[in-house]
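Asks: As given, the protein sequences belong to chains U and G, one line each in that order. My numbering puts the first sequence at residues 1062 to 1217. My numbering puts the second sequence at residues 1062 to 1217. By construction, the Cβ of each residue, glycine as well, lies at the ideal position given by its N, Cα and C atoms. Just so we're clear, the structure is a prediction, and the values are computed from it rather than from any experiment.
2 protein chains.
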Amino acid sequence: MILSRTTQYAIQALIYMATQPRGVKILNRNIAESLGAPPTYLAKVLQNLCRGNLLYSYRGKQGGFCLQEDGEKITLMQIAVITEGHGFTKDCVLGLKVCNDAVPCPMHKQWHPIKQEIVKLLENQTLDTLSTAVMSGKYQLADLPTALMSGLKSHG
Amino acid sequence: MILSRTTQYAIQALIYMATQPRGVKILNRNIAESLGAPPTYLAKVLQNLCRGNLLYSYRGKQGGFCLQEDGEKITLMQIAVITEGHGFTKDCVLGLKVCNDAVPCPMHKQWHPIKQEIVKLLENQTLDTLSTAVMSGKYQLADLPTALMSGLKSHG
DNA sequence: TGGCATTAAGATAAAAACATCCTGTATGAT
DNA sequence: ATCATACAGGATGTTTTTATCTTAATGCCA
């Protein structure tokens, strides 16, 4: 598994939010329901994304979460860096603490280009592209296709 | 992290064994020391590799572990399948239980080719190639270069 | 102002991964 | 035979990740 469960929730949640009308506050409860994710855990993840400045949060009645301005430009890499920590793209595939061009593990040379492709992919995929794909109805965001589809339909 | 710590230990251990003269029994204790891995934990990993038919084990005095015949042809994929379980190459990058060409997540199309490259790499890398690289002295197998190097030197 | 809905945050719990411990069993050497 | 050595396997402990619970803080609205 390349991304932790936490990061997967974060990405799913943000894509979901990008499918919703911009500027409207979205409840944690609704996101969790649409994704089939544990609400209390997702709340922590969203909190973390707020600290990472990808989201705004508003308390009280009429509160909820909102994508930051230019939210659709957010990349998967930005998300992953917040949830997995910096340097998760730098880890040695064999787990060595020090592994670089100068002092490589025996897989370093072969693994490096693939790692680069993963990085490039994560950097190229934006919430814009992904949410558009989901809204087309051809791609599922969670293991609850009916729940999600109905959720999308009710909003647009 | 693409491979679990357990898989990393397994790969490191097998590469190390492939650097040693074939047919000679190798002690868990020595492998662990050379890799800087916890000996009792490594023992479990090696046990598992025996069940997976990559190693032979011998008990009692003069006992130890031996690479299976044709051990140098073992691929990283064979190892990973044993330690991570089948289907670890089939996991959806967003964590969906069902995600395939027919019912894809919004990342499926973009992720698939990279996943294929990872699979191909793991299938192409053999203990032969990797142990040869390590024996050349240009590549480190553990975060204990001096310990490993001296270990290799003492055996040829 | 009081009541309610919502996120924030800290404590706690559960599960999985990682690691250790102890006893059993096989095997070669004395 | 007995002993020392090394793997096997089960129980236990620790750490990290994932998940839940509870209380506080905030803000809307009547």
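Please state the DSSP three-state secondary structure of Gly-1121/U.
Replies: If DSSP states are grouped into helix, strand and coil, Gly-1121/U belongs with coil.
Asks: Taking the continuous alpha helix (DSSP H) assigned at Ala-1104/G, which residues delimit it?
Replies: Taken as a continuous stretch (DSSP letters only), the alpha helix (DSSP H) holding Ala-1104/G covers 1100–1112.
Asks: Which whole-angstrom value describes the C-beta separation of Leu-1116/U and Leu-1107/U, a residue pair presumed to lie in contact below a C-beta threshold of 8 Å?
Replies: That pair is a contact at about 6 Å.
Asks: From the beta carbon of Gly-1198/G, is the nearest beta carbon of chain U less than 7 Å away?
Replies: Cβ-Cβ to chain U under 7 Å: no for Gly-1198/G.
Asks: Can you tell me which residues form a DSSP beta bridge with Leu-1096/U?
Replies: Its beta-bridge partners do not exist; DSSP assigns none.
Asks: So Lys-1122/U contacts chain G; which residues on that side make the cut at Cβ distance below 8 Å?
Replies: Per Cβ cutoff of 8 Å: no residues; Lys-1122/U is ~33 Å from chain G at best.
Asks: If you reduce the DSSP assignment to three classes, tell me which class Leu-1088/U lands in.
Replies: DSSP places Leu-1088/U in coil when its eight states are reduced to three.
Asks: Under 8 Å Cβ-Cβ, which residues of chain U neighbour Leu-1115/G?
Replies: Those do not exist, as Leu-1115/G stays about 17 Å from chain U at its closest Cβ, beyond 8 Å.
Asks: Do the segment 1067–1087 of chain U and the segment 1127–1136 of chain U touch if we need at least three Cβ pairs shorter than 8 Å?
Replies: Output reads yes: the segment 1127–1136 of chain U touches the segment 1067–1087 of chain U.
Asks: Considering only the beta carbon of each residue, do Ile-1076/G and Ser-1192/G sit closer than 7 Å?
Replies: Yes, Cβ-Cβ distance for Ile-1076/G and Ser-1192/G is below 7 Å.
Asks: Measuring CB atoms only, is the segment 1198–1205 of chain U touching the segment 1163–1170 of chain G, in the sense that at least three cross pairs come out at less than 8 Å?
Replies: As far as the Cβ criterion goes, the segment 1198–1205 of chain U touches the segment 1163–1170 of chain G, which means the pair count is three or higher.
Asks: Less than 7 Å between CB atoms is the rule here; does Val-1195/G satisfy it with respect to chain U?
Replies: Yes - at least one Cβ of chain U is within 7 Å of the one on Val-1195/G.
Asks: Going by Cα to Cα distance, which pick from Thr-1144/G, Gly-1124/G, Leu-1155/G, Asn-1161/G is closest to Asn-1109/G?
Replies: The shortest Cα separation from Asn-1109/G among Thr-1144/G, Gly-1124/G, Leu-1155/G, Asn-1161/G belongs to Thr-1144/G.
Asks: Met-1062/U touches chain G at which residues, Cβ-Cβ below 7 Å?
Replies: Those within 7 Å of Met-1062/U in chain G are Asp-1152.
Asks: Spatial neighbours of Gln-1073/G within its chain, please: C-beta separation below 8 Å, excluding the five flanking residues on both sides.
Replies: Closer than 8 Å at the Cβ level, and outside the excluded window around Gln-1073/G, lie Leu-1096, Ala-1098, Leu-1202, Ala-1203.
Asks: Could you tell me whether the Cβ of Lys-1158/U comes closer than 7 Å to any Cβ of chain G?
Replies: Answer yes: the Cβ-Cβ gap between Lys-1158/U and chain G drops below 7 Å somewhere.
Asks: If you follow the alpha helix (DSSP H) that Arg-1066/U is in, where does it begin and where does it stop?
Replies: Here the alpha helix (DSSP H) through Arg-1066/U covers 1066–1080.
Asks: What does Ile-1175/U touch in chain G if you count any residue whose Cβ is under 8 Å from its own?
Replies: Within chain G, the residues near Ile-1175/U are Ile-1175, Glu-1178, Ile-1179, Leu-1182.
Asks: Find the nearest neighbour of Leu-1137/U within the set Gln-1186/U, Ile-1063/U, Ile-1087/U, judged by alpha-carbon distance.
Replies: Ranking Gln-1186/U, Ile-1063/U, Ile-1087/U by Cα distance to Leu-1137/U puts Gln-1186/U first.
Asks: Return the chain-ordered list of same chain residues with a C-beta closer than 7 Å to the C-beta of Thr-1207/G, the five sequence neighbours on each side being excluded.
Replies: Residue confidence for Thr-1207/G is low, a pLDDT of 48 falling below 50, so the modelled location carries little weight and cannot support an answer.
Asks: Report, in whole angstroms, the separation of the C-beta atoms of Asn-1089/G and Ala-1071/G, which I expect to be a contact under 8 Å.
Replies: Contact flag wrong, Cβ pair sits at about 13 Å.
Asks: Which two residues bound the contiguous alpha helix (DSSP H) that contains Asp-1204/U?
Replies: Careful: Asp-1204/U lies outside any alpha helix (DSSP H) and carries neither H nor E.
Asks: Which same chain residues end up closer than 8 Å to Lys-1134/G when comparing Cβ atoms and leaving out the 5 residues on each side of it in sequence?
Replies: Result list for Lys-1134/G: Thr-1187, Leu-1188, Asp-1189, in chain order.
Asks: What span of residues does the alpha helix (DSSP H) with Ala-1163/U cover, start to end?
Replies: Note, Ala-1163/U: premise wrong, no alpha helix (DSSP H); not H, not E.
Asks: Does any C-beta atom of chain U lie closer than 7 Å to the C-beta of Pro-1165/G?
Replies: True, the Cβ-Cβ gap to chain U drops below 7 Å.
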